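Report on one structure; see the data block that follows.
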Amino acid sequence: MSDRSPMPPDAPAVSAAPPRTLVPGVHVIEDRRIPLVPNIGIVEGRDAVLVVDCGMGPVNGDTVLASARKIAGDRPLILTLTHFHPEHGFGAQAFKGHAHIFYNAGQRDELVSRGPGYLDMFRSFGPGVSAALDGVEIVMPDAVYDGPLHRIDLGGRVVELRTWGLAHTAADQIVWLPADRILFTGDLAEERIFPIFPWFPPDDAVLDAARWRSILTDLQVLDPAIVVPGHGSVGGAEILRAVAGYMDEVAQLVRDATSAGVAGTDLVARLAPVIRAAHPDWEAPEWIDFAIRYYAGQ
Ligand SMILES: [Zn+2]
Numbered sequence: 301m302s303d304r305s306p307m308p309p310d311a312p313a314v315s316a317a318p319p320r321t322l323v324p325g326v327h328v329i330e331d332r333r334i335p336l337v338p339n340i341g342i343v344e345g346r347d348a349v350l351v352v353d354c355g356m357g358p359v360n361g362d363t364v365l366a367s368a369r370k371i372a373g374d375r376p377l378i379l380t381l382t383h384f385h386p387e388h389g390f391g392a393q394a395f396k397g398h399a400h401i402f403y404n405a406g407q408r409d410e411l412v413s414r415g416p417g418y419l420d421m422f423r424s425f426g427p428g429v430s431a432a433l434d435g436v437e438i439v440m441p442d443a444v445y446d447g448p449l450h451r452i453d454l455g456g457r458v459v460e461l462r463t464w465g466l467a468h469t470a471a472d473q474i475v476w477l478p479a480d481r482i483l484f485t486g487d488l489a490e491e492r493i494f495p496i497f498p499w500f501p502p503d504d505a506v507l508d509a510a511r512w513r514s515i516l517t518d519l520q521v522l523d524p525a526i527v528v529p530g531h532g533s534v535g536g537a538e539i540l541r542a543v544a545g546y547m548d549e550v551a552q553l554v555r556d557a558t559s560a561g562v563a564g565t566d567l568v569a570r571l572a573p574v575i576r577a578a579h580p581d582w583e584a585p586e587w588i589d590f591a592i593r594y595y596a597g598q
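For reference, each letter of the sequence shown is one residue, going 301 to 598 in our numbering.
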């Protein structure tokens with residue numbers, strides 16, 4: 301822990317209040333619907349406690365570590381990430397030496413190849429975000445796993461870490477608690493927030509929405525009772541259905557408009573208002589244009 305100076309009011313700050321308990325031993329530090337703050341999981345077993353995501357920057361990382369330590373007591377901590385994006389993982393330095401940091405190999409590789417570029421991009425988002433990233437260091441995991449599934453027995457509670465490869469990022473990971481039927485999705489699902497299509501061609505076009513869509517089907521087959529989205533309010537499987545429906549809707553609208561001869565900037569101008577109007581209570585509409593351009597192959 302450190303005595304870092306507090307962040308300014310407009311910085312994306314993870315709550316230091318006691319987390320919400322979903323079921324005994326499974327807690328969430330809710331994002332309070334603040335942009336660039338993720339939902340963060342704290343999952344207890346008899347022998348160890350797993351933290352899912354850690355917020356952006358060293359101050360947020362300290363906050364999450366303090367909350368997790370309070371719950372864990374003397375039990376060792378494990379930190380894993382849903383994906384490498386800064387608001388989910390760039391607080392990990394606070395955990396170095398205080399937790400076992402454990403990612404999938406693809407995430408580690410993506411953190412190395414794309415982490416510095418994302419850091420520069422996020423620093424350009426304004427003074428609040430920049431302040432949150434002050435003093436940030438990109439730290440490597442202590443260990444990684446290969447393959448689509450890794451089970452951890454925390455002691456009386458098994459968690460499954462699963463990845464399908466390239467989707468929202470190169471190596472998104474969900475965390476699934478089979479006995480509790482609780483699912484942490486990362487940004488594969490957000491709740492009443494337009495899905496983030498990080499589609500910035502030609503420089504950065506690491507996205508596979510077809511696989512992302514099929515993952516959403518696989519996640520519905522798990523039949524989760526509780527879904528903790530990457531951002532937005534905790535709910536049930538309807539969160540997964542809403543994201544899948546949005547993807548189907550945008551893909552279909554783009555197909556129809558393209559076959560009617562609409563192209564280029566006209567496509568976005570024509571479709572974005574339609575998509576916005578279909579989801580009047582969703583936040584972050586700036587991501588609609590990216591989704592349209594992605595499906596149009598632009
Ligand atoms: Zn993300």
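Backbone N, C-alpha and C fix where the C-beta goes; we use that ideal spot for every residue, glycine too.
Note that this is a predicted model, so its numbers are computed, not measured.
By the neighbour-count criterion, in which 16 or more other beta carbons inside 10 Å mark a residue as buried, M440 falls on the exposed side. The alpha-carbon of S315 is positioned some 16 Å away from that of V528. With 16 or more other CB atoms across the displayed protein chains lying within 10 angstroms of its CB, A431 is buried.
When the five nearest sequence neighbours on each side are left out, the beta carbons in the same chain lying within less than 7 Å of the beta carbon of W587 are those of F494, P495, I496, F497, in order along the chain.
Checking the DSSP bridge columns, you'll see R451 partnered with E460. Pairing D331 with I340, the inter-Cα distance amounts to about 8 Å. Beta-bridge partners of N404 (DSSP): Y445. For L519, the enclosing alpha helix (DSSP H) covers residues 509-521. For G545, the Cβ stays outside the 7 Å cut-off from all heavy atoms of ligand 1. Looking only at G455, A471, R541, the smallest Cα-Cα distance to L449 is reached by A471. Counting along the chain, the unbroken alpha helix (DSSP H) around P573 starts and ends at 565-578. Setting aside the 5 residues that flank it on each side, L519 is surrounded in the same chain by L540, each with a C-beta closer than 6 Å to its C-beta; the list follows chain order. Per DSSP, P585 lies in no beta strand (DSSP E) and is assigned neither H nor E. Sorted by chain position, residues whose beta-carbon lies closer than 5 Å to a non-hydrogen atom of ligand 1 are H385, D487. By the CB criterion at 8 Å, V550 and A505 fall outside the cutoff.
Around the Cβ of E538, a 10 Å sphere holds fewer than 16 other Cβ atoms; the residue is exposed. DSSP links L379 through a beta bridge to V351, I401. Here P338 really is in contact with E387; their C-beta atoms are around 6 Å apart, less than 8 Å. In this structure, the CA atom of D581 is about 33 Å from the CA atom of L350. Of R423, M547, R462, I452, the smallest CA-CA separation from E490 is found for M547. Residue state for Q473 is assigned as strand, using DSSP reduced to three classes.
For the pair R457 and G325, the Cα-to-Cα distance works out to about 9 Å.
A Cβ-Cβ distance of about 20 Å is found for the pair L507 and Y403, leaving them out of contact under the 8 Å criterion. Taken atom to atom, the span from the alpha-carbon of R369 to that of A311 is near 24 Å.
Three or more beta-carbon pairs drawn from the stretch 378-394 and the stretch 413-424 are found closer than 8 Å, and the two stretches are therefore classed as touching. Annotation for E410: F384, T469, A470, A471 place their beta carbon closer than 7 Å to its own, counting only its chain and skipping 5 residues before and after.
Taking the C-beta atoms as reference points, V364 is found no nearer than 8 Å to G357.
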